Each structure stands twice: as structure tokens, then as C-alpha cells.
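Add 122 to a position in the sequence shown, counting from 1, and you land on the number used in this note's numbering. Where a beta carbon is used, it is the ideal one built from N, C-alpha and C, also for glycine. Fair warning: this is a prediction, and the values are worked out from it, not measured in the lab. Worksheet for the structure shown next.
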Amino acid sequence: MGYDLSNAQATIKPIQRVLAACREQGYLVIHTREGHRPNLSDLPANKQWRSEQIGAGIGSKGPCGRVLTQGEPGWEIIPELAPIVGEPIIDKPGKGSFYATDLELILRTRGIKNIILAGVTTDVCVHTTMRVANDMGFECVILEDCTAATDPANHHAALSMVKKQGGVFGAVSSSDKVVAAFKPGGHLEQPLVVANAPGVASIPANPYPYLMPIKKTALIMIDFQRDFMEVCSFAESLGNNVSLLQECVPAAKAMLAACREAGMTIVHTLEAHLPDLSDLHPSKYRRGNPPKGSRIGDSTVETLRCPSNGVCLGPHRLLVRGSPGNDLIPELKAMEGEKIIHKPGKGAFYSTDLDEYLTAKGITHLIFAGVTTEVCVQSSMREANDRGYECLLVTDATASYFPKFKESAIEMMVSQGGLVGWAAPSVDVLLAMKNASK
123 MGYDLSNAQA TIKPIQRVLA ACREQGYLVI HTREGHRPNL SDLPANKQWR SEQIGAGIGS
183 KGPCGRVLTQ GEPGWEIIPE LAPIVGEPII DKPGKGSFYA TDLELILRTR GIKNIILAGV
243 TTDVCVHTTM RVANDMGFEC VILEDCTAAT DPANHHAALS MVKKQGGVFG AVSSSDKVVA
303 AFKPGGHLEQ PLVVANAPGV ASIPANPYPY LMPIKKTALI MIDFQRDFME VCSFAESLGN
363 NVSLLQECVP AAKAMLAACR EAGMTIVHTL EAHLPDLSDL HPSKYRRGNP PKGSRIGDST
423 VETLRCPSNG VCLGPHRLLV RGSPGNDLIP ELKAMEGEKI IHKPGKGAFY STDLDEYLTA
483 KGITHLIFAG VTTEVCVQSS MREANDRGYE CLLVTDATAS YFPKFKESAI EMMVSQGGLV
543 GWAAPSVDVL LAMKNASK
């Protein structure tokens with residue numbers, strides 16, 4: 123594939139130090155490796171096709187045996203970091219370590235609450251694993267010198283995303299600091315879509331055209347909620363400039379109208395917790411150490427005022443179902459019959475019925491719009507990718523409080539031949555949909 127492996131190889135010695143220290147102190151060590159059964163029965167068709175586009179088809183002959191295939195030399199963990207007897211090995215078919223594995227069961231059974239992450243690559247498998255672990259309530263730290271990416275810029279951007287907003291996904295440290303601090307302790311199979319087929323929109327996209335069967339595609343509107351997008355809101359109380367998010371509303375509104383006209387499945391998500399906060403992990407509640415009045419579930423005496431109509435909604439509880447701030451903004455209100463998902467995490471699939479809902483409707487392709495790009499949108503798109511959905515992000519229908527993170531997130535998702543999915547502006551998506559309907 124032509125990648126420079128020197129950055130990945132530079133992580134070996136730091137990981138060896140951490141590995142030795144963990145073993146000495148008796149900490150649980152878990153190894154993961156991405157690979158598929160020899161008959162490829164656990165390989166989604168879209169993942170296989172994507173790998174073939176970059177000349178490294180999964181299951182095909184490679185320099186170390188069949189590519190990403192269990193039992194082949196290239197699938198084995200490198201000798202320098204080989205497991206010892208008793209250390210679990212998680213064989214995963216996706217980017218994340220939790221999907222279709224028993225990793226969570228192993229961690230819960232052992233009473234593990236904190237996770238140290240090392241490995242490759244930072245922006246793909248490591249970041250996906252960290253995001254899902256965060257949504258599950260684990261406290262995570264990623265070791266900056268024990269992980270690497272094929273693109274150093276993506277490595278640094280991924281680490282920076284972790285640290286923003288009070289550590290939205292956890293913390294970043296180094297091998298030396300962690301070792302010094304140690305104390306003794308006790309899939310969806312789907313046919314490929316053919317271009318120019320009836321009802322298929324061919325969208326010019328990055329990294330290559332996205333073929334969208336309109337009747338098998340759903341629009342996923344991520345977290346267009348007042349808590350995140352309006353003045354006197356949860357987001358603004360944390361110091362965020364909400365006007366940056368409002369810039370994506372016109373494109374999102376246009377996408378919503380077009381998808382409704384086409385009769386497509388539409389899903390709206392809201393990050394929200396039950397009034398008694400029984401679905402709120404303590405780690406999420408504490409993260410960032412927000413001041414009183416700015417914590418999830420707090421009652422605010424501020425007035426939530428909608429800039430579009432000036433309606434005074436009065437005091438509200440932050441990120442709580444049924445609170446005025448947890449409603450969708452007026453411009454993007456759900457219509458009768460459109461699915462609304464209340465999600466307790468960043469990703470739209472964690473602890474929700476979204477996957478079951480989409481599967482029941484025969485949905486194979488997803489278009490994403492929403493906020494924020496690098497947090498809830500990207501987490502949801504990564505989760506969808508691991509479940510076998512073909513995903514497209516509408517670039518001007520998503521936004522971030524940190525514009526550079528939006529750019530980095532999009533770059534990560536479309537890198538390596540569209541590892542997570544595709545990206546395209548709304549004008550191209552809308553035109554392709556119009557042409558497909560003729």
C-alpha cells in the first residue's frame with residue numbers, strides 16, 4: 123500500500139516498557155487484532171470492496187499470506203509485543219474493539235473501569251475503540267508515544283480531539299508518565315450498488331463517487347438540539363461559540379426537505395438522559411469538571427431564547443429528555459412518522475434501537491448531517507461503518523465549535539480509500555438525487 127511504517131515501528135519500544143510494567147504490577151493486558159475468518163463469512167461486502175479499491179483486498183494473497191485473514195502470518199501479533207499465557211486476545215472484524223467481540227464482557231467481569239490504550243492506528247482503530255469505550259462509561263487514556271498513524275497530521279489531530287472540551291473522550295499521556303504513576307494493584311451483508319441503475323444516485327464524493335440507492339438510504343440528523351445550537355444553552359454555558367454550528371443549518375434544512383420529498387427514511391437523534399439520570403455514567407457527569415449550573419441534569423436559571431422566533435422557554439435542565447433545551451431547533455423539527463432517537467452517548471448506535479430500526483427497514487446506506495462533526499457525528503459514522511453501512515457525510519450540513527477539527531475529522535473518515543466513508547457537499551448530493559428521480 124506504500125505507507126511509511128517508521129512511525130508505527132517507533133511505538134514498539136514505548137509499548138514494550140508499558141507492557142512490562144503492567145505485567146509486573148499484575149494489571150490485565152488485552153491484545154486485539156483485526157482479521158476475518160478464512161471463509162470471510164464475517165466480512166461485510168462493502169468492507170471487502172473498499173479494500174480492493176486500494177489494492178489490498180481482504181482475503182487476497184499478500185506479502186504475509188492472505189490479507190487480514192485469521193491464521194495467516196500477517197494476522198499474527200508482532201513478536202516484540204506477543205501475548206503471554208493468560209492474556210486475552212480479541213479478534214475483531216471491525217475498526218472498534220467492542221463491536222462483535224466479548225471485550226466488554228471481559229472488562230465488566232473483571233470490574234475494569236479504566237483503560238490504557240496503545241496501538242495503531244491512532245485515528246482509526248485506536249480512536250474508534252476509545253470513542254466506544256467512552257460511551258460505555260470507561261475512563262480512557264491514550265499514550266501519545268505508544269500509538270501512530272499513517273499520516274502524522276491525523277495522529278496529532280486525533281490526540282488533540284481527545285483533550286478538547288475537558289477531555290471529551292478521555293485523556294492523553296505518555297509511556298513514561300504512566301509507568302511512573304503505576305502502583306501495585308491487585309454486520310450487515312449487502313450487495314454492491316450498480317451505477318446508473320434505476321433509483322440510484324451517483325454522487326461525486328471524496329474519495330470516489332458514492333452510489334446511493336435512494337429507497338435503501340436513510341438520512342441521519344445528529345443532535346440538532348437547542349442545548350448545542352442556541353444562545354443561553356448548555357453549549358454556550360461551556361464557552362462555545364454556537365454561531366459556528368448555526369452555519370450548517372441551511373444545508374441541513376435543504377437535505378431534510380429533499381429526503382422527505384424522495385420518501386426516504388429519516389432519523390433525528392438527541393443526546394439526552396432520563397430525568398433521574400439513571401442512564402448517565404458517572405465518568406461522563408464528571409468529565410471536564412464543569413461549574414455548577416453547567417453540569418448534565420442541572421437546572422439553569424438562564425432563559426433559553428430561540429433566535430429564530432424569540433420565544434422565551436424559561437428555565438430548563440441540561441441534556442435531559444423533555445427539557446426545552448433538549449428539543450430540536452425549529453428549523454429542523456421532526457415530522458410525524460420520523461424516528462427520534464434519544465441517545466445517552468456520543469454515538470447514535472450505543473444503547474439505542476437504531477441498528478434494529480434500520481435493519482428492519484432494509485436500510486443499507488446512511489447520509490449524515492449534524493453536530494458536532496468530530497464528536498457525535500464522527501462517532502455515529504464510525505459505529506455505522508463497523509456495522510456494515512455505507513456512509514456519506516454532507517460536509518456543509520455539519521459543523522464544529524472548532525472548525526479545524528471538522529476538517530481533520532472529515533480527512534480521517536475519507537482517508538485510505540474511504541476507511542470510514544465518503545464526504546460530499548450538499549449541492550452535489552441534491553443534484554444527484556434530482557437526476558436519479560428523473
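When the five nearest sequence neighbours on each side are left out, the beta carbons in the same chain lying within less than 6 Å of the beta carbon of Thr251 are those of Gly218 and Ser219, in order along the chain. Beta-bridge partners of Phe490 (DSSP): Ile342 and Leu515. Around the beta carbon of Thr339, 16 or more other beta carbons sit within 10 angstroms, so the residue counts as buried. Relative to the Cα of Lys528, the nearest Cα in the group Cys498, Met258, Ala506 and Asn129 belongs to Cys498.
Cβ contact annotation for Leu367 (same chain, cutoff 6 Å, sequence separation greater than five): Met351, Val493 and Ala521, in chain order. In the DSSP assignment, Ser296 falls outside any alpha helix (DSSP H), carrying neither H nor E.
Ile199 is positioned such that its CB atom lies closer than 8 Å to that of Arg155.
Counting along the chain, Thr269 sits inside the beta strand (DSSP E) bounded by residues Glu261 to Ala270. Collapsing the DSSP output to three states places Gly187 in a strand. The beta-carbon distance between Ala394 and Leu440, rounded to whole angstroms, is 10 Å. This is too long to meet the 8 Å contact definition. Of the residues Ile462, Met555, Lys375 and Phe260, the one whose Cα lies closest to the Cα of Arg230 is Phe260. The alpha-carbon separation between Ser295 and Val248 amounts to approximately 14 Å. Spanning the alpha carbons of Pro547 and Gly410 requires a straight line of approximately 33 Å. Counting only runs of 3 or more residues that sit fully inside the segment 329-416, the beta strand (DSSP E) segments are 332-335, 339-344 and 387-393, in chain order. Residue Gln500 holds the alpha-carbon nearest to the alpha-carbon of Glu533 among Gln500, Leu402 and Glu512.
Just so you know, the alpha carbons of Met334 and Ser324 end up roughly 6 Å apart.
When only Cα atoms are considered, Leu392 and Met457 end up about 15 Å apart. Taken in chain order, the unbroken stretches of beta strand (DSSP E) that lie wholly in the segment 137-181 and span 3 residues or more are 153-156. Residue environment analysis places Asp349 among the buried positions, since at least 16 neighbouring C-beta atoms fall within 10 angstroms of its C-beta.
The residue among Val284, Leu514 and Thr269 with its C-alpha nearest the C-alpha of Asn129 is Thr269. Excluding its 5 nearest sequence neighbours in each direction, Thr495 has C-beta neighbours in its own chain below 6 Å: Thr520, Ser522, Lys528 and Ala531, listed in chain order. For the options Pro397, Ala327 and Ile418, the alpha carbon positioned closest to that of Pro404 is the one of Ile418. For Cys381, the number of other beta carbons within 10 angstroms of its own is at least 16, and it is reported as buried. Measuring C-alpha to C-alpha distances from Asn256 to each of Asp213, Leu141, Ala545 and Tyr472 identifies Tyr472 as the nearest. Annotated three-state conformation of Lys461 is strand, per DSSP.
If you ignore the 5 residues before and after Ser173, its C-beta comes within less than 6 Å of the C-beta of Gly179 and Ile180, all in its own chain and listed in chain order. Around the beta carbon of Ser163, fewer than 16 other beta carbons lie within 10 angstroms, which makes this residue exposed. Of all C-beta pairs linking the segment 477-486 to the segment 443-457, fewer than three are shorter than 8 Å, placing the two stretches out of contact.
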